[in-house]
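Here is the structure we will look at.
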Amino acid sequence: MNKQPLVVELKDAQIYQGNSLILKDVNLRVHKGEFVYLIGKTGTGKSSLLKTLYGNIPLKQGEGYVGNFDLSQLTWKNVPFLRRNLGIVFQDFQLLTDRNVYENLSFVLKATGWKDEEKMKEKIHSVLNKVGLKGKENSMTYEMSGGEQQRVDIARALLNNPKLILADEPTGNLDPDTADEIMYLLHSICKDFGTAIVMATHDYLIIRKFTSRVVRTKGGEVLDNASILD
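Position 35 of the sequence shown, counting from 1, maps to 1341 under our numbering, and the rest follow consecutively.
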């Protein structure tokens, strides 16, 4: 039994996309420092589940908690506060291409309430060091390789010391060797900082190589401790 604190807890949650029920009776628990793969065919609700966890889709029925946030009571006013406790990593990076790495990260810090320039500078240097991009502060993101851009995206996700990182196909646009590098990085973040990570992926080769708990969306349900062969 996992004795670490819960970071995510869903109880009998009904996940809707608009008025359509996508996932029914979802029960899911993710603990501090746990790495969980989220798999399933396209259209089976992976993205809807992630969007519910970061407040993009309201939880209409059932119970849901991310950290201390009650998803069933979430309003658009407090969604930004929820997201300050999360890190979100996207497949397509979603970086600001007209700004350098430092400016991409400082933009997020300012948007989440940071004001002290010296503390911001320290934090940016710290997260870039963690993801192996020390000295890349002045690099323009559009000039960087896909792997480097994904590292910037992960650095951005780490800025507010999140208890949870939600990663949506973070290796989907990367070659196999670069994908491995990103997976080593994510697993080290999970282990070294106790950050829980939920990662949606279609890449079963990665799951076989970097084994961890698997959750599957299938037939309107969420199957825990699933096999990639289910």
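For glycine and all other residues, C-beta sits at the position ideal for the given N, C-alpha and C.
Here the structure is a predicted model, which is why all the values come from computation and not from measurement.
- The secondary-structure analysis by DSSP pairs residue 1345 across a beta bridge with 1522.
- Of the candidates 1341, 1457, 1364, the residue whose Cα lies closest to the Cα of residue 1410 is 1457.
- Measuring C-alpha to C-alpha distances from residue 1399 to each of 1309, 1459, 1310 identifies 1459 as the nearest.
- Rounded to the nearest whole angstrom, the CA to CA distance from residue 1533 to residue 1347 is 14 Å.
- In this structure, the beta-carbon distance from residue 1500 to residue 1524 does not fall below 9 Å.
- Cβ neighbours of residue 1495 within its own chain (closer than 6 Å, five residues either side excluded): 1501.
- Secondary structure at residue 1330: strand, using DSSP grouped into helix, strand and coil.
- Rounded to the nearest angstrom, the Cβ distance from residue 1315 to residue 1371 is 5 Å, consistent with a contact under 8 Å.
- About 28 Å separates the beta carbon of residue 1451 from that of residue 1342, a gap too long to meet the 8 Å contact definition.
- Around the CB of residue 1354, 16 or more other CB atoms lie within 10 Å, so the residue is classed as buried.
- Annotation for residue 1454: the continuous alpha helix (DSSP H) segment containing it runs 1452-1464.
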